[in-house]
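Student: Take a look at the following structure, please.
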Amino acid sequence: MLFSFINESAKEVKIYFEPSTDTFFLKKDDVIKINVSNKDLDHVFEFVYVDDGVILYLPPKSEVEVFINDLKIETLYEKFNW
């Protein structure tokens with residue numbers, strides 16, 4: 003699954019990953035793309051909006067790739083098996 007978020011606001015927005023605690027800061031007009039691969043197709047993806055951003059609860063045993071403005075970003079989620 004591919005998720006894409008565009009920060010259209012004038013303020014900085016944070017994107018948090020759980021359980022890895024990765025945090026990404028999006029400035030105005032930044033685009034984050036999150037590619038999640040998981041064999042469990044029945045998993046529900048959960049998003050929670052907080053004051054300064056969005057928390058994304060990633061499913062266990064997933065493969066995740068993150069791109070900000072089409073540049074690949076290394077994440078803790080990629081390094082460790084959650």
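Each number in this note's numbering comes from the position in the sequence shown (counting from 1) with 2 added on.
All C-beta atoms, glycine included, are put in the ideal place defined by N, C-alpha and C.
These figures come from a predicted structure and were not determined experimentally.
Please determine, among F82, K29, K35, L73, the residue with the shortest C-alpha to C-alpha distance to L58.
Tutor: Residue numbering aside, residue 58 sits at position 56 when the sequence shown is read from its first letter. The option with the nearest alpha carbon to L58 is K35.
Student: Could you check what DSSP says for K41 in three-state terms: helix, strand or coil?
Tutor: Against the sequence shown, residue 41 aligns to sequence position 39. Coil at K41, not helix or strand.
Student: Going straight from the alpha carbon of F69 to that of K13, what length do you get?
Tutor: If you number the sequence shown from 1, residue 69 lands on position 67. If you number the sequence shown from 1, residue 13 lands on position 11. Computed Cα separation, rounded: 20 Å.
Student: Closest to I75 by CA distance: which of Y51, E48, L28 is it?
Tutor: To locate residue 75, count along the sequence shown from 1; it is residue 73. Comparing Cα positions, the closest option is L28.
Student: Looking at K16: is its Cβ nearer than 8 Å to the Cβ of F7?
Tutor: Against the sequence shown, residue 16 aligns to sequence position 14. Against the sequence shown, residue 7 aligns to sequence position 5. Their beta carbons are not under 8 Å apart, which means K16 does not touch F7 by this criterion.
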